[in-house]
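Visitor: Dropping a structure here in structure tokens format, bear with me for questions.
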Amino acid sequence: QVQLVESGGGLVQPGGSLRLSCAASGIIFSIYAMGWYRQAPGKQRELVATITSNGSTNYVDSVKGRFTVSRDNAKNTVYLQMNSLKPEDTAVYYCNAKRTTLKNYWGQGTQVTVSS
Numbered sequence: 043q044v045q046l047v048e049s050g051g052g053l054v055q056p057g058g059s060l061r062l063s064c065a066a067s068g069i070i071f072s073i074y075a076m077g078w079y080r081q082a083p084g085k086q087r088e089l090v091a092t093i094t095s096n097g098s099t100n101y102v103d104s105v106k107g108r109f110t111v112s113r114d115n116a117k118n119t120v121y122l123q124m125n126s127l128k129p130e131d132t133a134v135y136y137c138n139a140k141r142t143t144l145k146n147y148w149g150q151g152t153q154v155t156v157s158s
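In structure tokens form, the structure reads like this:
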């Protein structure tokens, strides 16, 4: 049984930081590409950042220079360090693990709210 469990969300003021974690189980974590997506109210889910099995990263333009994705294969965990947060970063953040079209798994999401 595959499980992806996100944590670390919460309420933060503009300009603040949060670190999201996603702990995976039930998969060979090291061979999966991992990603963070987000969905704001009334909007479609969008890709935020990805990290491949060999550590290559990719970011949506709106978070470049502010967010950093990383992984710890020994802990089966992927992280998203979010700095200089803006109100427009407010969304539910989802962890994704993908190996193939069929081996594509999602976490339950964690709420991030950026507000003063």
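Position 28 of the sequence shown, counted from 1, bears residue number 70 in the numbering used here, the numbering being contiguous throughout. For each residue, glycine too, the CB sits at the ideal point set by N, CA and C. All values derive from a computational prediction rather than experimental measurement.
1) Does Ser-157 come out as helix, strand or coil in the three-state DSSP assignment?
2) Roughly how many whole angstroms lie between the Cα atoms of Lys-14 and Lys-128?
3) Specify the secondary structure class of Ser-104 as computed by DSSP and reduced to three states.
4) Are the beta-carbon atoms of Val-120 and Val-111 separated by less than 8 Å?
5) Per DSSP, which residues does Asp-114 bridge with? Please list them.
Guide: Taking the geometry as given:
1) coil
2) With the chain represented from 43 up to 158, any question about residue 14 goes unanswered, as that position is not in the structure.
3) helix
4) yes
5) Thr-119
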